[in-house]
Amino acid sequence: MKELKILAVVIFFTGLVYWGVEPYAHSVMHKHVEGHNFVYDGKSDLEVLNEKVEEIKKSMASATDEKTKKAAEEELKKYENKIKDTKAFWAHVEKIAALKGNAANGKNAISACAGCHGIKAAGIKAPTDALTASKTYGVNPPDLSNAGALYDPKFLAAFILDPAHGAFVKKIAMPAGMGGSDQNIADIIAYLKSIAPKEITPKQAFESACGRCHAMRYAKWTQIGTVPKTKPNIKTGQDIEGLKFKEKVAEYQNNLAKYLGKLPPDLSIIIRARSEHYLATFVENPQSHLFGTAMPRVGVTKEAFEKVKTYLEEVGDSSKPKREAVGPWVLGFMIIFTILAYLWYKSQWKGLK
Amino acid sequence: MSDRRDFMGKVLGAWAGLGALGALYAAKRTWDPLPSVKAAGKTVVDVSGAKENELHTELWRGKPVFVMKVSPNDPAHKDKRLVQIGNDKFFVAIGLCTHLGCIPTYFPEKHKFICPCHGGQFNSAGEVLKSPPPKPLVIPPFKVEGTKLVLGEEGEQYKKLKAAGVVA
Amino acid sequence: MAHFDPNARPFSHKWLNERLAIDTLEKVLAKEYWIPKNINFLWAMGMVLATTFGLLLISGIFLLMYYIPDTKQAFDSVNHTIMQEVGYGWLWRHIHGVAASIVFLIIYIHMFTGIYYGSYKRGRELIWLSGMLLFVTFSAEAFAGYVLPWGQMSYWAGMVITNLFEGFSSDFLGGHLHFPGLVEWIRGNYVPSQAFLGRFFMLHVVLLPLVIIGLIVLHFGALRIPHVNNQDGEEIDFEAEAEKWKAGLRKESKVIPFKPVFLSKDVFVLGIYLTFFFYLVFYHFEFAMDPVNFDPANPLKTPPHIYPEWYFLWSYEVLRAFPKNPGLIAFGFAQVIFFLLPFLDRSPNVAPANRRGLFKIWFWVLLIDMVGLTILGKLPPVGIYTPFGKAFAYIFIALWLILPFITKAEKPIGGK
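Sequences listed follow chains R, C and Z, in order.
Here this note's numbering is used: the first sequence runs in plain steps of one and ends on residue 339.
Here this note's numbering is used: the second sequence runs in plain steps of one and ends on residue 177.
Here this note's numbering is used: the third sequence runs in plain steps of one and ends on residue 522.
As C-alpha cells, this is what we get:
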C-alpha cells in the first residue's frame, strides 16, 4: 500500500536523525568507562594511569621542540613510577585482606581513631562539632558507626593503610599509617563490621557516605546536617535561628571549598542529570571520568551504592512511581481511541473510492 | 449506512470525552495545596511567660491564632471554650471573624474583640456578643504539652471540646 | 434587516442561529469546506500540529501557575515544585517538553510534504509564507522556553544565541555591522541574568503565543481560496465537484467535506500520533529533556559539550562550518532561503517531486543534506566531522543557488 510506503520513508528519516543526534552523538561525546562491579583491587586505578601514559606518549610523538618533549618525558616517568607504586600498594592491600581480623582487639585499636572520628555506636562522641572540624581538616571526619556496613572491606584496608592511595586522590585530610600494623588494620575492620547496623536506610547511606561534602536541598540536607525547623519572629519576620544555621553551613562550605578546590555540587536532582551508568562508575572511581578531580573514591559496596541511588531517586525523581503507574492507562486509552477512530474512518470512507 | 457512520463518530466522541475527564482530574489535582504546605501545618507556642489579659498572636497555616491567658475577673473566665494549661485558663482561637474573615481587634479594658470590618463583637472566649458573625471564633486543633501549646495536632482537651460541639 | 423570532426559546437552535448564524458557520468552516479525496496521511499533519500546539498551550498554562521567573528560584520551581510537589505537575512538564521537541518533527514533515508535492505554488504562496513565519516564530518560542528552567543548557544557550546578535567582527566592513551594544540591550545586562529571564519569560508566555495564534489564523485563511493540494497536484474544480457530492455522488466526486469525512481520517492519524507521543512522554523523554539542563545554571562553568536542541542543529552546523563572518552570512542565508522557495522554483509544474526530473534529485539531496547537517551539528567539531560539516554546508547553499536554473529547465507536465 502506498501510504505504508510513505510512512516507511518518514520513519526511516526520523529514525536516522534520532540515531544520529542521540545514541551516536552521545557515544562520541562521552567517554565510555567500564564498570568494575564495586570490586576494589586497583584495576580501575591502573586503567586510568595507563590511559594517561598513552596520552603522554602520543603527545611526545607529536611534539616538535625539545622542551615539550623533555617535559613529557618527565611526566611519563612520574606516571610509570605511579603505576609501579599502585601495583605494590594493592598487593599489600591483598595481604591485609587475607588476614583474619579480631573484633575484640580492634575495639582497643580503634581508640587511636577517636582523636578525629566519633563512633556513636560505641558511645564515642566526635571530638568537635562539624564546623570546628572543617576549620582544621577542611571537612568533617565521618562518624565510623556505619562504616562497616557501607564500605567494602578491601577498600577500608586500602584506605586505612594509605588514605590518599585508597581514595585515589592527590591529597586527603587523613594521613597514612594511622592504622598501625597489617594485623591491627584487619582488627579495626573486623571491629567496624561488628558494630555496624545490619540494616541501613537509603537516607542513612546517603548522609553517611556522601552527605559531608554534598548538600541536598530538596531533602533539606546540608553538609552539617538537616536544616532545623525554625520560625521567624512574628513581628519582624526575622528568623535568627535559621540565619545562624545558614551562617554555619556557609562557613563549613567555604572551608570545604578551600580544601577541595571547589564546592561539591548539590545532589538534589543529580539522578536526572547523569545516567545510572555514569553515577555508578563515577562513584566507583571518580578519576575515571574526571581526571584530577578532588573527589575521593568513597569505596561503597554494591549494596550501599544501590541504597544511595534509591535515595537519590526518592529525592530527585519522586514522581517516577506515579509516572510508571499512569503511563499504561494513558497508552491503553490512546490505543482504544485509535481503534475507534479507525472504525469511524473506515465507515466514513466506505464507498468513496 | 449513514447511521453506522454517525454511530462510530459518537462512540469515538464519548471515548474522547472520557479522556477529557481524566485530564480534568489531573487539572483538579494541580490546584490542590502542595504537600509541603500540608506538612508545614504545625506550630508550637510556649505560653509559660504569658501575662493575663494580654493578647498574643501566632501564625499557624498562614492564619493568625489568638492565644491569651484569661484573667479571673474577666466575665468569660468560666466559659467552657477556654483551654486549661497548668493552673491557668487560656483562650485559643483562629483570629479571623466568622463573618467574612477580617481580624478582630482586642480591647483589654472591655474584655472584648471588635471586628473592624462590620462591627461584630466577641468576648474573650470567642463567643459572639453582637452579630453579624454567625458563630464563635473557631478553635484550631491543638494539644497541650506541659506549658507548650501545639497547634495542628488534636489533643485530649481539643477532642473533648470537639465532642461538645463548641470548637467551631 | 435581520429577523428575530420573538417566540424563539432562548439558546435554542433557532435562537442561536438568528444571532450567530451557527448553521452557516458550520457549513462554511466544516460541512462544506471541501478537501480533495486524493490525499494520504501526510495531509493530516496540519491537524496533528494544531493538536500539539493545543497540548503545549494547555500544559503551559498549568506550568505557568507554579513557575517563578527569578534566576534564584526558577530552577527549583521547575524541578522541585512542578516536577515533584504539584499534583501531575510532572505530567504537564513532560508533555510540554516532549511536545516542544516533537512539534518540530511534525513541522519538518509538514514542510517537506509541501516541498515534495509543490504545495507552495499556483495560488498557495501565502500558505507557504505564513507557514514559514510560523516556523520562525515557533523557533523563537522554543528558544525562549528553553531559557526558563535556568539550567546549564538554558544559561549557555542564552549566552551563545544572544552573542550572535553582535553581528560581524569589528574589522569587517569598517565595523559598521558590529553591534556589541545590541547584545547587552537584548540581555539587559552584561550576561544573561534576571532582566533577560524576565523578558524571555514574557516573550514565551504572552507575546510569541499571541503572534503564533494570529499566524495560525492567517495560515488557515490563506488555505481557504486556493484549497488544499492533492497527491497528484491536480487542479480541481471544487465547485463542480462539491455539487456532485451534494447530489449524492460520493464515489464520483473528487472532493469530500472536511466534516465528517476528512476529519475521520485526520482523527485516526491523530490517534496513532498521540499514542506515539504519550509513549515518549512516559517512557522516552530524555531526548527532549536534556540531562545537562538538570544541572542548575552556573555562569562560571560551561558544560563540556554545548549544542542546541536537535531542530536547530542543521542551521547551527551551517553557521559552524565557516569562520565567523562568512558563517554569519551562511546562517542568515539558511534562515531566510526557505521563505523564497515559491519564487526560486521557476517551474509551473505542481506535481510530486518524483515526476519532476531534476527537482526529484534536488528534493532528496536536500533532505539527506539536512539530515546530515543535523547529525553533524551535534557532534564535536573534531577530526573527520569538520570537513564533512563543511561539505554538507556547501551543498546546502549550492542546492538553493541552482534551484532556479534546474526548475527553469524543467519540462511542463501534461497539457491539462
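All residues carry an ideal CB built from backbone N, CA and C; glycine is no exception.
Own chain residues within Cβ distance below 7 Å of residue i, not counting five before or after
{"i": "T158(Z)", "result": "A205, I208, V209, I212"}
{"i": "L169(Z)", "result": "I188, W198, R199, H202"}
{"i": "E300(R)", "result": "P188"}
{"i": "P414(Z)", "result": "A263, Y422"}
{"i": "P142(Z)", "result": "V334, N336, I342, K360, V361"}
{"i": "I158(R)", "result": "P149, A150, P282"}
{"i": "F16(C)", "result": "none"}
{"i": "I110(R)", "result": "A100, G104"}
Residue burial classification, residue i (beta-carbon count within 10 angstroms, cutoff 16)
{"i": "M160(R)", "result": "buried"}
{"i": "C126(C)", "result": "exposed"}
{"i": "T54(R)", "result": "exposed"}
{"i": "Y422(Z)", "result": "buried"}
{"i": "Q93(C)", "result": "exposed"}
{"i": "M308(Z)", "result": "exposed"}
{"i": "K140(R)", "result": "buried"}
{"i": "A403(Z)", "result": "buried"}
{"i": "W291(Z)", "result": "exposed"}
{"i": "F110(Z)", "result": "exposed"}
{"i": "M(-13)(R)", "result": "exposed"}
{"i": "I175(R)", "result": "buried"}
{"i": "K227(Z)", "result": "buried"}
{"i": "K522(Z)", "result": "Because K522(Z) carries a pLDDT of 43, less than 50, the predicted location of this residue cannot be relied on, and no value is offered for it."}
{"i": "P183(R)", "result": "exposed"}
{"i": "F425(Z)", "result": "One point to set straight first is that residue 425(Z) is Leu, not Phe, in the sequence displayed. With 16 or more Cβ atoms within 10 Å of its Cβ, L425(Z) is classed as buried."}
{"i": "L(-10)(R)", "result": "exposed"}
{"i": "I435(Z)", "result": "exposed"}
Own chain partners of residue i with C-beta closer than 6 Å, once the 5 adjacent residues on each side are dropped
{"i": "K144(C)", "result": "T107"}
{"i": "Y379(Z)", "result": "V154"}
{"i": "S165(Z)", "result": "W198, I201, H202"}
Unbroken alpha helix (DSSP H) run spanning residue i, endpoints
{"i": "M265(Z)", "result": "258 to 269"}
{"i": "E290(Z)", "result": "286 to 293"}
{"i": "Q166(C)", "result": "165 to 172"}
{"i": "Y222(Z)", "result": "195 to 223"}
{"i": "K38(R)", "result": "29 to 48"}
{"i": "T296(R)", "result": "288 to 302"}
Residue i: first and last residue of the uninterrupted beta strand (DSSP E) it sits in
{"i": "A102(C)", "result": "97 to 103"}
{"i": "T279(R)", "result": "No beta strand (DSSP E) holds T279(R); DSSP gives it neither H nor E."}
{"i": "W140(Z)", "result": "140 to 142"}
{"i": "H65(C)", "result": "65 to 69"}
{"i": "Q93(C)", "result": "92 to 94"}
{"i": "N132(C)", "result": "130 to 132"}
Contact belief for residue i with residue j at Cβ below 8 Å, rounded distance in angstroms
{"i": "Y328(R)", "j": "F374(Z)", "result": "5 Å"}
{"i": "P448(Z)", "j": "E231(Z)", "result": "4 Å"}
{"i": "A85(C)", "j": "A134(C)", "result": "4 Å"}
{"i": "W140(Z)", "j": "A348(Z)", "result": "5 Å"}
{"i": "G152(Z)", "j": "Y172(Z)", "result": "Contact doesn't hold; Cβ gap of about 32 Å is too wide."}
{"i": "L419(Z)", "j": "H325(Z)", "result": "So it is not a contact: roughly 25 Å between Cβ atoms."}
{"i": "V125(R)", "j": "W416(Z)", "result": "Going by Cβ atoms, the distance from V125(R) to W416(Z) rounds to 42 Å, so no, they are not a contact pair."}
{"i": "F154(R)", "j": "Q273(R)", "result": "6 Å"}
The ligand MN heavy atom lying under 7 Å from the CB of residue i
{"i": "F382(Z)", "result": "Among the components modelled here there is no ligand, and therefore nothing to report on the ligand MN."}
Contacts around residue i, its chain only, beta-carbon distance under 8 Å, and the 5 residues preceding and following it disregarded
{"i": "F244(Z)", "result": "V209, F210, I213, I318"}
{"i": "M10(C)", "result": "The predicted position of M10(C) is uncertain, since its pLDDT is 46 and thus under 50; a value taken from the coordinates is nonetheless stated next. Around M10(C): no qualifying Cβ."}
{"i": "L317(R)", "result": "none"}
{"i": "A89(R)", "result": "D173, A176, Y177, K179, S180"}
{"i": "N144(Z)", "result": "N336, Q337, D338, E340, K360"}
Taking any Cβ of chain Z, which residues in the stretch 156 to 173 of chain C have a Cβ under 7 Å from it, in chain order?
-> Answer set for the stretch 156 to 173 of chain C: empty.
Determine which residues of the stretch 382 to 394 of chain Z have a Cβ less than 7 Å from any Cβ of chain R, and write them out in chain order.
-> Against chain R - using a Cβ distance shorter than 7 Å - the residues of the stretch 382 to 394 of chain Z are F384, Y385, F388, Y389, F393.
Under 9 Å (Cβ pairs) to chain Z, residues found in the stretch 11 to 35 of chain C | So the list reads R14, D15, M17, G18, L21, A25, A32, Y34, A35, given in the order they occur along the chain.
Within 9 Å of chain R by C-beta, residues of the stretch 344 to 363 of chain Z in sequence order = Taking 9 Å as the upper bound on Cβ-Cβ separation, chain R lies near residues R356, K357, S359, I362 of the stretch 344 to 363 of chain Z.
Within 7 Å of chain C by C-beta, residues of the stretch 80 to 107 of chain R in sequence order = Answer in chain order: no residues at all.
Contact set between the stretch 180 to 211 of chain R and chain Z, restricted to residues whose Cβ is under 8 Å from the partner = Identification of residues in the stretch 180 to 211 of chain R having a C-beta nearer than 8 Å to some C-beta of chain Z yields R203, Y204, given in sequence order.
Positions along the stretch 322 to 336 of chain R whose CB lies within less than 9 Å of some CB in chain C | The stretch 322 to 336 of chain R vs chain C, Cβ under 9 Å: I322, F323, L326, A327, L329, W330, Y331, K332, S333, Q334, K336.
Please list the residues of the stretch 266 to 296 of chain Z that have a C-beta atom closer than 8 Å to any C-beta atom in chain R, keeping them in chain order.
-> Taking 8 Å as the Cβ-Cβ cut-off against chain R, none of the residues of the stretch 266 to 296 of chain Z qualify.
Positions along the stretch 125 to 142 of chain Z whose CB lies within less than 9 Å of some CB in chain C = So the list is empty, because no residue satisfies the distance condition.
At a Cβ cut of 8 Å, what residues of the stretch 59 to 72 of chain C count as close to chain Z, listed as they run along the chain?
-> Hits within the stretch: zero.
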